[in-house]
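**Q** First to last, the sequence lines map onto chains A and B.
Residue numbers for the first sequence follow my numbering, beginning at 520 and rising by one.
Residue numbers for the second sequence follow my numbering, beginning at 520 and rising by one.
We put the beta carbon where it would ideally sit given N, CA and C, even for glycine.
There are 2 protein chains.
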Amino acid sequence: MDFEPRATRRDITGTLCNPEFFNYGVEAYEACKTRSLTSDIIDEQKKVLEADLVIFQFPLYWFSVPAILKGWMDRVLCQGFAFDIPGFYDSGFLKNKLALLSFTTGGTAEMYTKNGVSGDFRYFLWPLQHGALHFCGFKVLAPQISFAPELVSEEEKRGMIASWAQRLRNIWKEEPIHCTPCWYFGQ
Amino acid sequence: MDFEPRATRRDITGTLCNPEFFNYGVEAYEACKTRSLTSDIIDEQKKVLEADLVIFQFPLYWFSVPAILKGWMDRVLCQGFAFDIPGFYDSGFLKNKLALLSFTTGGTAEMYTKNGVSGDFRYFLWPLQHGALHFCGFKVLAPQISFAPELVSEEEKRGMIASWAQRLRNIWKEEPIHCTPCWYFGQ
Chain A
520 MDFEPRATRR DITGTLCNPE FFNYGVEAYE ACKTRSLTSD IIDEQKKVLE
570 ADLVIFQFPL YWFSVPAILK GWMDRVLCQG FAFDIPGFYD SGFLKNKLAL
620 LSFTTGGTAE MYTKNGVSGD FRYFLWPLQH GALHFCGFKV LAPQISFAPE
670 LVSEEEKRGM IASWAQRLRN IWKEEPIHCT PCWYFGQ
Chain B
520 MDFEPRATRR DITGTLCNPE FFNYGVEAYE ACKTRSLTSD IIDEQKKVLE
570 ADLVIFQFPL YWFSVPAILK GWMDRVLCQG FAFDIPGFYD SGFLKNKLAL
620 LSFTTGGTAE MYTKNGVSGD FRYFLWPLQH GALHFCGFKV LAPQISFAPE
670 LVSEEEKRGM IASWAQRLRN IWKEEPIHCT PCWYFGQ
């Protein structure tokens, strides 16, 4: 899948509210209400509506999602579909769904704690888990972090996959994390 | 500019190290060393090399950069160009340059502090400023935040622009922020 990450006026198939001064947020919100978003966005929104749990699987790029997945969030989780004002955080439109970030890293767990993440690995998850997913109402399960698959042995790699598979078997019994500063910053 | 945000094998113009199992990080690192990255990446890298200060101007999308700019970071700031292992944070290859995030927000300053950012607006800057820019060696200047230009009066908007213009006149005298957890989390 070669999903388009750029949020542009190409996303609006109908007439623009203000063709003189293009404002993506305003236009996408209106297009969502009038069902005139472009079809690749609508197709993804349908998948989200059908899902009970959305798993975001990605390699960590610059302590975040790669641009193609950021573009999915920017374009698919638009106002009117995933939230409104009011209608966010615990009242977000996707509040009856679960979300989970599952990602691979370049560095080992030790490298992350040594090089400035300062003993806790969770800071950088705040914008994704709280700022985006929880804002849309998702209940967020603990992240699945597979550290440095490129650096570990074949056996360790098989172990990572097995523990992820094992977790998935019981995933419906899990409680979401508390998406509050406490969870992220241990305060 | 319609910059390509997706990091794919199209970025490598030469022979792949391992065509059987494509690993973007590995291939981009090799292509950087052998000067076989695609031309849009090389063009941007030249601009970075010529700059003393790089200003990232963007609307805040999901507490981060929009995907098109995330893709710029993912693709342009590759290993071998912006950093190496070792050769990161204070030893990053762009250590003699300054960087600054200048962004507009949807909500007012008050909305951000009320709705879960919990009294401090800096958490979400950590992955961008510290995890990405400082990792590449950039010295990071304080962010320029223009809150809610859509919600304020024309006069307030002119005020925002004037204060940004005023700041730019003296920008070379500014000291970088301390890119440590203290700055972000006030600990």
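My assumption, with CB atoms under 8 Å, is that P646 of chain B sits in contact with S610 of chain A. Please give the rounded CB distance.
**A** Start at 1 with the first residue of the second sequence, and residue 646 of chain B comes out as number 127. Start at 1 with the first residue of the first sequence, and residue 610 of chain A comes out as number 91. At roughly 27 Å, the Cβ-Cβ gap does not stay under 8 Å, so P646 of chain B and S610 of chain A are not in contact.
**Q** CB-CB under 7 Å to G544 of chain B, same chain, minus the five flanking residues each way: which ones, in chain order?
**A** Here residue 544 of chain B refers to the residue found at position 25 when the second sequence is read from its first residue. These residues qualify, in order along the chain: Q598.
**Q** When the distance is taken between beta carbons, is I574 of chain B closer than 9 Å to S621 of chain B?
**A** Along the second sequence, one-based indexing puts residue 621 of chain B at 102. Along the second sequence, one-based indexing puts residue 574 of chain B at 55. In contact: S621 of chain B and I574 of chain B (Cβ atoms closer than 9 Å).
**Q** Look at the alpha carbon of W683 of chain A and the alpha carbon of G656 of chain A, and state the distance between them as a whole number of angstroms.
**A** Within the first sequence, numbered from 1, the residue matching residue 683 of chain A stands at position 164. Within the first sequence, numbered from 1, the residue matching residue 656 of chain A stands at position 137. The straight-line gap from Cα to Cα measures roughly 25 Å.
**Q** Which residue from B:L660, B:N542, B:A628, B:F612 puts its Cα closest to that of P695 of chain B?
**A** Here the question's residue 695 of chain B lines up with position 176 in the second sequence. Nearest option by C-alpha distance: B:L660.
**Q** Are the segment 554-565 of chain B and the segment 528-542 of chain B touching, with three or more C-beta to C-beta distances below 8 Å?
**A** Of all C-beta pairs linking the segment 554-565 of chain B to the segment 528-542 of chain B, three or more are shorter than 8 Å, placing the two stretches in contact.
**Q** Could you please tell me which residues of the segment 577-588 of chain B, in chain order, have their CB closer than 9 Å to any CB of chain A?
**A** P578, Y580, W581, F582, S583, V584, P585, A586, I587, L588
**Q** Compile a chain-ordered list of the residues in the segment 665-692 of chain A whose CB is closer than 8 Å to at least one CB of chain B.
**A** Against chain B - using a Cβ distance shorter than 8 Å - the residues of the segment 665-692 of chain A are E669.
**Q** I'd like the span of the alpha helix (DSSP H) that includes Q564 of chain A, first residue to last.
**A** Numbered from its first residue, the first sequence carries residue 564 of chain A at position 45. Residues 558-569.
**Q** Can you give the beta carbon distance from F612 of chain A to A601 of chain A, rounded, assuming they're within the 8 Å contact cut?
**A** Here residue 612 of chain A refers to the residue found at position 93 of the first sequence. Here residue 601 of chain A refers to the residue found at position 82 of the first sequence. Contact flag correct, Cβ pair sits at about 5 Å.
**Q** Determine, for R594 of chain B, whether the minimum Cβ-Cβ distance to residues of chain A falls below 9 Å.
**A** Looking up residue 594 of chain B in the second sequence gives position 75. Chain A, which has a Cβ nearer than 9 Å to the Cβ of R594 of chain B, makes this yes.
**Q** Taking the alpha-carbon of V567 of chain A as reference, which of A:T527, A:K589, A:N615, A:G606 has the nearest alpha-carbon?
**A** As a position in the first sequence, residue 567 of chain A is number 48, starting the count at 1. The shortest Cα separation from V567 of chain A among A:T527, A:K589, A:N615, A:G606 belongs to A:N615.
**Q** What are the boundary residues of the beta strand (DSSP E) that L619 of chain A is part of?
**A** Taking the first residue of the first sequence as position 1, residue 619 of chain A is located at position 100. Looking at the DSSP string, the run of the beta strand (DSSP E) that includes L619 of chain A is 617-623.
**Q** Which word fits E549 of chain A, buried or exposed, when buried means at least 16 other C-beta atoms lie within 10 angstroms of its C-beta?
**A** Here residue 549 of chain A refers to the residue found at position 30 when the first sequence is read from its first residue. Under this definition E549 of chain A is a buried residue.
**Q** Which of the three DSSP states is assigned to L613 of chain B in this structure?
**A** Translated into the one-based positions of the second sequence, residue 613 of chain B becomes position 94. DSSP places L613 of chain B in the coil class of the three-state scheme, outside both helix and strand.
**Q** With a cut-off of 8 Å on the beta carbons, I'd call Y703 of chain A and R641 of chain A a contact; round off their distance for me.
**A** Along the first sequence, one-based indexing puts residue 703 of chain A at 184. Along the first sequence, one-based indexing puts residue 641 of chain A at 122. Between R641 of chain A and Y703 of chain A the Cβ distance is about 5 Å, and since that is below 8 Å, they are a contact.
**Q** So is C701 of chain B buried or exposed if we call it buried at 16+ other beta carbons inside 10 Å?
**A** For the purposes of this step, residue 701 of chain B is taken as the residue at position 182 of the second sequence. Under this definition C701 of chain B is an exposed residue.
**Q** Please state the DSSP three-state secondary structure of I604 of chain B.
**A** Taking the first residue of the second sequence as position 1, residue 604 of chain B is located at position 85. Correct three-state label for I604 of chain B: coil.
**Q** Any idea which residues DSSP pairs K658 of chain B with across the strands?
**A** Here the question's residue 658 of chain B lines up with position 139 in the second sequence. Answer is B:L617, bridged to K658 of chain B.
**Q** Is DSSP giving G635 of chain A helix, strand or coil here?
**A** For the purposes of this step, residue 635 of chain A is identified with residue 116 of the first sequence, where counting begins at 1. Interpretation of G635 of chain A is limited by its pLDDT of 47, a score under 50 that renders its predicted location unreliable; no figure is taken from the coordinates.
**Q** Counting only beta-carbon atoms, is R528 of chain B nearer than 9 Å to chain A?
**A** On the second sequence, position 9 is the one that residue 528 of chain B refers to. With 9 Å as the cut-off, R528 of chain B does not count as an interface residue toward chain A.
**Q** Return helix, strand or coil for F582 of chain A, following the three-state DSSP convention.
**A** Against the first sequence, residue 582 of chain A aligns to sequence position 63. Coil.
**Q** Look at the alpha carbon of Q663 of chain B and the alpha carbon of F540 of chain B, and state the distance between them as a whole number of angstroms.
**A** Start at 1 with the first residue of the second sequence, and residue 663 of chain B comes out as number 144. Start at 1 with the first residue of the second sequence, and residue 540 of chain B comes out as number 21. Answer to the nearest angstrom: the Cα atoms are 42 Å apart.
**Q** Determine the extent of the beta strand (DSSP E) in which Q663 of chain B is found, giving its start and end residues.
**A** Residue 663 of chain B sits at position 144 when you count from the first residue of the second sequence. 663-665 is the span of the beta strand (DSSP E), which, as asked, contains Q663 of chain B.
**Q** D571 of chain B: which of B:H697, B:T699, B:W691, B:C698 sits nearest, CA to CA?
**A** Within the second sequence, numbered from 1, the residue matching residue 571 of chain B stands at position 52. It is B:W691 whose Cα lies nearest to the Cα of D571 of chain B.
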